[in-house]
Each structure stands twice: as C-alpha cells, then as structure tokens.
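Notes follow the structure.
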Amino acid sequence: GNSVTQMEGPVTLSEEAFLTINCTYTATGYPSPFWYVQYPGEGLQLLLKATKADDKGSNKGFEATYRKETTSFHLEKGSVQVSDSAVYFCALSDRTGGFKTIFGAGTRLFVKA
Amino acid sequence: EAGVTQFPSHSVIEKGQTVTLRCDPISGHDNLYWYRRVMGKEIKFLLHFVKESKQDESGMPNNRFLAERTGGTYSTLKVQPAELEDSGVYFCASSQVSLTSGNTIYFGEGSWLTVV
Numbered sequence: 001g002n003s004v005t006q007m008e009g010p011v012t013l014s015e016e017a018f019l020t021i022n023c024t025y026t027a028t029g030y031p032s033p034f035w036y037v038q039y040p041g042e043g044l045q046l047l048l049k050a051t052k053a054d055d056k057g058s059n060k061g062f063e064a065t066y067r068k069e070t071t072s073f074h075l076e077k078g079s080v081q082v083s084d085s086a087v088y089f090c091a092l093s094d095r096t097g098g099f100k101t102i103f104g105a106g107t108r109l110f111v112k113a
Numbered sequence: 001e002a003g004v005t006q007f008p009s010h011s012v013i014e015k016g017q018t019v020t021l022r023c024d025p026i027s028g029h030d031n032l033y034w035y036r037r038v039m040g041k042e043i044k045f046l047l048h049f050v051k052e053s054k055q056d057e058s059g060m061p062n063n064r065f066l067a068e069r070t071g072g073t074y075s076t077l078k079v080q081p082a083e084l085e086d087s088g089v090y091f092c093a094s095s096q097v098s099l100t101s102g103n104t105i106y107f108g109e110g111s112w113l114t115v116v
C-alpha cells in the first residue's frame, strides 16, 4: 500500500535559519502530495499542495516541489520565524485509492528567537 | 463559508464510559473522514463516508468504535466503552473531489479525548 515517510523531529532552529523537512512516499497510483501544519493547541491546516509532477506549492513563505522521479515533496522555507513553530505533516492522496489521504508521522519544529 | 466543525473540543471521561463525537462537514462536501492521532504518533485514518455510505472503514480499531452519518450531513463517532488507549485527538475532515484538482481535505479543529 501507499506510505509516507518524513524526517523525524524535533527540529530546532534559530530565527531566520533555513528550513528543510524531507518527505518521500511510495504510491501505486496517481498521488497528490500535501503539507499540513498543526500549530500549538489548534487543528490541522492545509499549508500547501501539488497536483502534478514538478508542480511547486507555496504558501506563507514555504515551498515544496513534487518530484515524481524521486517520489519526494520536501518542505523548505528560506527564513523561519518563531511563529512557524508547529508540527508539520506530509500527506498523500491517491486517486486509485479512492482519494484516501494518508499522513507521515509529523515533524515538530521549534524556532528560537 | 463555515469550515469543518467538531464537538466537543475537549472531553475527559472515565474508562468504561461512552463518548460521542460530532462532526459537521463543510456544506456540500460529500466526503467525510475521521482520523485519529494518539500522543506523538502519526495521524491514522479511521474511516471514510461518501454521503451516508461507508466507503472505507479499514482503519477502525475495533468494534468499540461506531461511526454514523445519517442523511449524509453531519457524522458522529461513538466510543463505547472507552479504554485508556483511546485517548488522543480525533480529527474530522471533509472534501469534494475534483477531477482537475484532486481531493483536498479540510480538517476541523479536532476533538481532544482523554480517558482516565
């Protein structure tokens, strides 16, 4: 079946540092990758997504490019802020799986001032 | 437009009691999902409704969990009797599939369940 593997955390960075959270997946059909974020005490929010190969999703300074050849969707941000501290989840929806969305284990990010 | 709403937001119950969680999806969304995240672990799929029908309930942990979606609108997830290992955050999500943009699911705030 499909699976999502993402970088284990926690990740601790200083403000303005560069962030990368790796995400790779295995999928048998037609996957669409996503990144969701959960801020402390809040629910899950869609951060960004891609619908086809080489698409780049972007939002709030975060970016991720869907690389079909490496089955990856790594999340990046050039300069993190304290307010980016949260748990980030890589996810995958597969058309052949009835569009069921599966998630990685989540990566907790701490940004220090 | 209102998002996915869940109730209650927090619940503390004793082992052996019953809890019912409610989810109101985004209006017009045929797909409704339940997910669960136990402490520090991944978000696990529980089940998927399309309108009032259960499309996939492969993630339901055992028969203490019962989900319904009468009339294809809101859904309830009942845990009876609750056990300690049921503690976690229960997320509801909804979506409307688009052939061009796929299936983006939108989550509620979650129902945080603690069984003591």
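As they're listed, the protein sequences go chains A and B.
In terms of the numbering used here, the first sequence opens at residue 1 and continues consecutively.
In terms of the numbering used here, the second sequence opens at residue 1 and continues consecutively.
Every residue gets a Cβ at the ideal spot worked out from N, C-alpha and C, and that includes glycine.
Within a Cβ cutoff of 7 angstroms, which residues of the same chain sit near residue i, ignoring the five residues on either side of it in sequence?
i               : result
Y106 of chain B : G3, V4, I26, A93, S94, S95
A114 of chain A : A question about residue 114 of chain A goes unanswered here, because the residues of chain A that appear run from 1 up to 113.
S58 of chain A  : L48
Checking 8 angstroms against the spacing of the C-beta atoms, do residue i and residue j come in under that value?
i               : j               : result
F103 of chain A : A91 of chain A  : yes
V82 of chain A  : A113 of chain A : yes
F89 of chain A  : I13 of chain B  : no
S3 of chain A   : Y25 of chain A  : yes
T104 of chain B : L46 of chain A  : yes
G116 of chain A : T107 of chain A : The first residue shown for chain A is 1 and the last is 113, placing residue 116 of chain A beyond what the model contains.
G182 of chain B : F91 of chain B  : There is no way to answer for residue 182 of chain B, as the model of chain B reaches only from 1 to 116.
V11 of chain A  : L75 of chain A  : no
K51 of chain B  : D30 of chain B  : yes
E83 of chain B  : V115 of chain B : yes
So, is the C-beta of residue i closer than 8 angstroms to a C-beta in chain A?
i               : result
I13 of chain B  : no
T104 of chain B : yes
V38 of chain B  : no
E83 of chain B  : no
F65 of chain B  : no
G110 of chain B : yes
D173 of chain B : With chain B represented from 1 up to 116, any question about residue 173 of chain B goes unanswered, as that position is not in the structure.
K41 of chain B  : yes
H48 of chain B  : yes
V115 of chain B : no
F91 of chain B  : yes
V97 of chain B  : yes
F7 of chain B   : no
Put residue i into one of helix, strand or coil per three-state DSSP.
i               : result
D30 of chain B  : coil
Q88 of chain B  : Residue identity check: residue 88 of chain B is Gly in the sequence provided, not Gln. Three-state result, G88 of chain B: strand.
R95 of chain A  : helix
T101 of chain A : strand
T70 of chain B  : helix
S79 of chain A  : coil
D118 of chain B : With chain B running from 1 to 116 in the structure shown, residue 118 of chain B is simply not present.
G55 of chain A  : In the sequence on display, residue 55 of chain A carries Asp and not Gly. Three-state DSSP puts D55 of chain A in coil, outside helix and strand.
Is any beta-carbon of chain B found at less than 8 angstroms from that of residue i?
i               : result
I102 of chain A : yes
A53 of chain A  : no
A64 of chain A  : no
K60 of chain A  : no
L44 of chain A  : yes
F89 of chain A  : yes
G106 of chain A : yes
S93 of chain A  : yes
K49 of chain A  : yes
F110 of chain A : no
G73 of chain A  : Per the sequence presented here, residue 73 of chain A reads as Phe, with Gly not at that position. So no, F73 of chain A is outside the interface.
F18 of chain A  : no
Which whole-angstrom value is the C-beta distance of residue i and residue j, which I expect to be below 8 angstroms?
i              : j               : result
F7 of chain B  : R22 of chain B  : 5 angstroms
F17 of chain A : V80 of chain A  : In the sequence on display, residue 17 of chain A carries Ala and not Phe. Indeed they touch by this definition, with Cβ atoms about 6 angstroms apart.
S32 of chain A : S72 of chain A  : No, S32 of chain A and S72 of chain A are not in contact; Cβ-Cβ is about 14 angstroms, not under 8 angstroms.
Q38 of chain A : A105 of chain A : The Cβ separation is near 13 angstroms, so there is no contact.
M39 of chain B : G108 of chain B : The Cβ separation is near 19 angstroms, so there is no contact.
G61 of chain A : G78 of chain A  : 7 angstroms
Within the same chain, show all residues whose beta-carbon is closer than 8 angstroms to that of residue i, passing over the 5 residues directly before and after it, in chain order.
i              : result
A67 of chain B : W34, L46, L47, F49, K54, E57, M60, S75, T76, L77, K78
P81 of chain B : K15, G16, Q17, T18, R64
K56 of chain A : A50, E63, A64, T65, Y66
Quick one: residues in its chain with C-beta nearer than 6 angstroms to the C-beta of residue i, no 5 flanking neighbours on either side, listed in chain order?
i              : result
D84 of chain A : V111
H10 of chain B : W112
E85 of chain B : none
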